[in-house]
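This report refers to the structure that appears directly beneath it.
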Amino acid sequence: MILGVHWFDFAIVMAYFAIILYVGVFQGGRRTKTLGDFFVAGGKWGALISFIFIFASAVAGNEAVVVAGKAYKTGLSGVWFWWSFLFATPIYFLFSTYFRRARVYNLSEFFEMRYERYASALYSFIAGIICILFIGMFVLAVAKILAGLTSLNQQQCVWSIAVIVALYVASGGMMSTLLTDILQGLMVLFILSFIGLPFLWNQVGGWEALQQYSTDNPHLWNLVDPQRMTIWTVLALNISALVGGIGAPWIYNWIAVSKNERAATQCGWGHLWKRIVTLLFALYGILFAIYAAKFDIQLTDSEMCWGLMGKILPIGVIGLLIASFFAAAMSSAATFSTTSSAMIVDYLYRKIIRPGNQLKHYLLVARFWVVASILLAALSTLYVSSIEKYVKLVLTLLSFLGIPIYFGVSWRRANCTGMWASLIGGIITYITVVIIVMTQNGLGFIEAIGPAFEPAVFCSTSVALLGMIVGSLAGPPDNPLKLKRFQVIMNTPVGQEQRLVDAGIRLPALVDAGLVPADDEQLNIDVVEKLYQQDCKNKFFGADSNIEISREPTLSWYYPGFIKIVGACIALIVLTWLLTRILFIW
């Protein structure tokens with residue numbers, strides 16, 4: 050036995066590490082030449098690679114831990130801890146066009162393109178913190194699983210994951226991440242999702258045991274549980290994800306790796322498959338509960354339920370499961386640390402704190418911050434002890450960040466006054482609600498996260514939405530030329546960059562492609578005006594409308610595809626509800 054596992058299982062995990070470090074450190078590092086390579090993997094990948102990369106990055110292992118852990122206690126309703134992003138999934142599809150056409154390397158630059166620099170700096174700071182918290186969630190999730198399967202304790206697992214991820218991501222950033230995710234995505238899809246299910250199914254007693262447990266626990270297949278997963282919690286989770294999901298900085302970078310708009314829509318489809326896999330994690334949690342009841346096992350922490358697999362799986366399969374959980378955590382931690390580096394280094398440091406340095410300097414600092422963000426995330430696990438707390442903390446912070454992005458893309462009247470009112474109003478409201486809960490209940494900040502979650506989401510989102518609308522109507526309009534420049538960029542399809550070159554527009558992707566020099570932008574105002582007027586003819590509500598949503602004449606598949614993915618998300622909920630009733634209730 051080595052670290053509590055059979056030598057053969059240990060050899061499987063070591064072989065996985067060897068492959069990942071070779072691909073990530075050597076191949077990823079060798080291919081990383083520009084900031085575009087480091088932050089968006091060159092932005093040149095097709096639909097299949099984009100799908101695998103996004104799926105691998107999105108499934109981090111924390112879903113398996115929190116959903117199975119919640120389902121262990123509450124049944125199917127635990128699925129909402131990651132189904133909360135189900136209705137954000139079509140939004141990712143819709144925004145794939147805007148984000149891919151932006152031709153910048155992080156969401157802060159996108160934010161500045163529409164609004165102004167200092168608001169983008171504030172966004173970078175908040176988004177960087179959120180990325181670190183998500184990484185902490187990932188490593189804690191897999192640490193809980195590994196602590197149950199090996200002789201390592203939880204913190205030893207946390208730091209092992211942190212060191213390995215830091216090694217390969219620092220070498221090549223998003224390029225290393227994408228290359229390793231081709232393998233890790235397949236491992237997550239086929240091994241993590243399915244490999245343990247037949248063994249667990251057999252141990253609990255199969256269909257008869259599941260039917261009997263369903264009879265004994267009539268709440269088991271409810272999507273809402275009045276006691277343990279209330280409608281208010283479900284609404285808060287969904288509102289936070291729907292409103293704030295598009296403000297999540299990693300979504301931008303996941304879309305930007307794709308070579309064109311159609312490949313970029315895999316951000317939507319990849320996340321839809323994640324929602325389907327999330328259902329499997331809920332089933333695992335229910336089966337773990339049956340297994341624990343059958344063998345009279347008491348778990349003090351339901352999020353440790355995956356550790357039961359150590360008693361169930363044979364030699365060899367345990368090694369594959371451990372490697373696949375490492376794959377899930379490492380693929381996601383890698384993308385989030387790179388995104389954090391994009392926020393802090395590529396935007397805050399390069400554009401505001403230390404502009405004008407050489408490319409090598411920025412790449413070095415970017416690599417340093419990747420390591421720092423992962424280590425900070427590992428430190429956060431000392432203070433946040435459960436995935437559920439992480440989820441509620443980060444979703445509350447996200448809940449108001451997406452509002453200026455929605456309005457900035459779709460409403461010409463949206464301005465910096467509205468944006469500032471929205472961000473500051475959301476932040477102050479969130480802090481106020483948490484302080485009230487802390488004071489009334491005598492809790493510390495971390496302990497107040499749970500009880501403050503629903504009111505914090507509802508209040509901060511409402512105030513941010515109101516601030517955006519009132520501030521935009523009351524404040525002075527933004528610079529018309531800046532607005533037109535933004536809309537010209539948003540309406541220029543990938544492959545038609547000559548329009549932007551003719552207008553004198555400078556964007557990082559255009560510079561890296563050698564289409565424009567890396568000097569200061571000198572707009573050709575007449576060309577910008579001409580292109581904007583041409584694009585206005587394609588607006589849904591008329592050329593003079595303040596609503597900037599266009600028909601997308603060059604993308605005939607775009608809106609039908611959006612309708613399809615909306616229908617697929619609704620169908621997933623309806624079919625889940627219907628099938629569970631047919632099989633277990635009616």
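Residue numbers (our numbering): 50 to 635. C-beta: ideal position from N, C-alpha, C; glycine also. Predicted, not measured: the structure shown is a model, and the values here were computed from it.
Cross-strand partners of residue i (DSSP beta bridge)
i           : result
residue 460 : 596
residue 94  : 307
residue 588 : 599
residue 278 : 274
residue 35  : The structure shown has nothing for residue 35, since the chain only spans 50 to 635.
Buried versus exposed call for residue i [16 or more other C-beta atoms within 10 Å across all chains shown]
i           : result
residue 99  : buried
residue 340 : buried
residue 530 : exposed
residue 364 : exposed
residue 300 : buried
residue 586 : exposed
residue 409 : exposed
residue 360 : exposed
residue 372 : buried
residue 436 : buried
residue 311 : buried
residue 405 : exposed
residue 612 : exposed
residue 488 : exposed
residue 590 : exposed
residue 158 : buried
residue 520 : buried
residue 257 : exposed
residue 574 : exposed
residue 61  : buried
residue 212 : exposed
residue 121 : buried
Spatial neighbours of residue i in its chain, beta-carbon cut-off 7 Å, leaving aside the 5 residues before and after
i           : result
residue 452 : 292, 471, 513, 514, 517
residue 474 : 512, 513, 516
residue 432 : 495
residue 161 : 169
residue 634 : 270
residue 183 : 385, 443
residue 527 : 464, 465
residue 570 : 553, 554, 555
residue 560 : 567
residue 532 : 461
residue 600 : 587, 589
Where the alpha helix (DSSP H) through residue i begins and ends
i           : result
residue 619 : 607–629
residue 569 : Taken as a continuous stretch (DSSP letters only), residue 569 belongs to no alpha helix (DSSP H), as it is neither H nor E.
residue 392 : Unbroken run through residue 392: none, as it is neither H nor E.
residue 483 : 465–490
residue 251 : 246–253
residue 521 : 494–523
residue 539 : 529–539
residue 71  : Where residue 71 is concerned, there is no enclosing alpha helix (DSSP H), given that its DSSP letter is neither H nor E.
residue 437 : 436–447
residue 315 : 315–343
residue 350 : Segment: none, residue 350 is in no alpha helix (DSSP H) and carries neither H nor E.
residue 363 : Neither: residue 363 is in no alpha helix (DSSP H) and is coded neither H nor E.
residue 418 : 408–429
residue 297 : Residue 297 -> no alpha helix (DSSP H), and no H or E assigned at all.
residue 558 : 557–561
residue 547 : 547–551
Any non-hydrogen atom of the ligand SAM within 6 Å of residue i CB
i           : result
residue 164 : With respect to the ligand SAM, the structure offers nothing, as it holds no ligand at all.
Residues of its chain near residue i, where Cβ-Cβ distance is below 6 Å and the 5 sequence neighbours each way are ignored
i           : result
residue 261 : none
residue 189 : 430
residue 549 : 541
residue 110 : 190, 191, 374, 377, 378
residue 333 : 117
residue 177 : 389, 392, 393
residue 551 : 576
residue 323 : 107, 108
residue 143 : 611
residue 456 : 463, 517
Sequence-distant residues of the same chain with beta carbon closer than 8 Å to residue i, five excluded per side
i           : result
residue 629 : 125, 270
residue 208 : 427
field: Runs of alpha helix (DSSP H) lying entirely within the stretch 116–196, each at least 4 residues, in chain order
entry: 129–132, 138–151, 156–163
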